[in-house]
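Please read the structure below before turning to the comments.
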Amino acid sequence: MKFKGVLFDLDGTLIDTSNLIIRSFQHTFNLHYGRPLTPEEVYAFFGKPLKAALEHYGPGKVEELTQTYREFNLAHHDQLTTGFSGVPETIKTLYNAGILMAIVTSKTKSTAIRGLKLFDMDKYFSVVIGHEECQKHKPEPEPVLLALEKLNLAPADCLMLGDSPFDLISAREAGVKTAAVRWTEIAWDSLLAENPDYILHTIEDLLTICELEK
């Protein structure tokens, strides 16, 4: 096998929460400011902790905005979260091949696990790194380094998949090979600018990269 471990961003990479995130932001800012954010305004912060976007668009009201956002997000999580074709099957194949896997996300660990359970994928991940476990978040390398530590794997033995530049920067700074997913909602040029080691047009491409049979 080419890699002993694979690290994944969650939202936009393994599960599709774009509609959930946009609707949560729009509800929050419509309620507090009388105007919903545009999808483009929200996409700019995909891959970063929630607080970063709230501080940018609603300075001085972060705690209030966070509460409103989380209430809506959790209430509509299962209804507005959808899957990507082939992801659960590919994850199962990697797991059965003995590849260790981790989630490295900017959302809370409990919400990440909830998303994985929706598609019966939580059993495949021995490590889930949520934003509350790190002092410095993506694009800093800390969450990726923590995942490597918990997997007990060297950076050179691992690959990380992500749908945002922040994922790629974090992995690269930790010494991990990077893969950009083509189904991202974020401007593709911004991912290419980070010179990913691999590009996945479909999730099944990961099996080829890891030198496994499809």
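When you number the sequence shown by my numbering, it's gap-free, plus one each residue, and the end is 253. Ideal placement from N, C-alpha and C gives every residue a C-beta, glycine not left out. What you are looking at is a predicted structure, and each value in this text was computed from that prediction instead of being measured.
- What distance in whole Å lies between the Cβ atoms of PHE158 and ILE54, which are believed to be in contact at a cut-off of 8 Å? 7 Å
Residues near PRO78 by beta carbon distance below 7 Å, same chain, minus five either side: ILE61
Please classify ASN135 as buried or exposed, where buried requires at least 16 neighbouring CB atoms within 10 angstroms. exposed
Roughly how many whole angstroms lie between the Cα atoms of GLU94 and PHE84? 11 Å
Pull up the CB-CB distance for LEU49 and GLY154, whole angstroms please, since I reckon it's below 8 Å. 6 Å
- request: Pull up the distance between the alpha-carbon of ILE152 and that of ASP161, whole angstroms please.
  value: 6 Å
**Item:** Exposed unless 16 or more other CB atoms sit within 10 angstroms - verdict on ARG221
**Value:** exposed
Minimum length 3: unbroken beta strand (DSSP E) runs contained in the stretch 129-167
139-143
- Ordered along the chain, which non-local residues of its own chain (more than five positions away) have a Cβ less than 6 Å from that of PRO178? PHE205, ILE208, SER209
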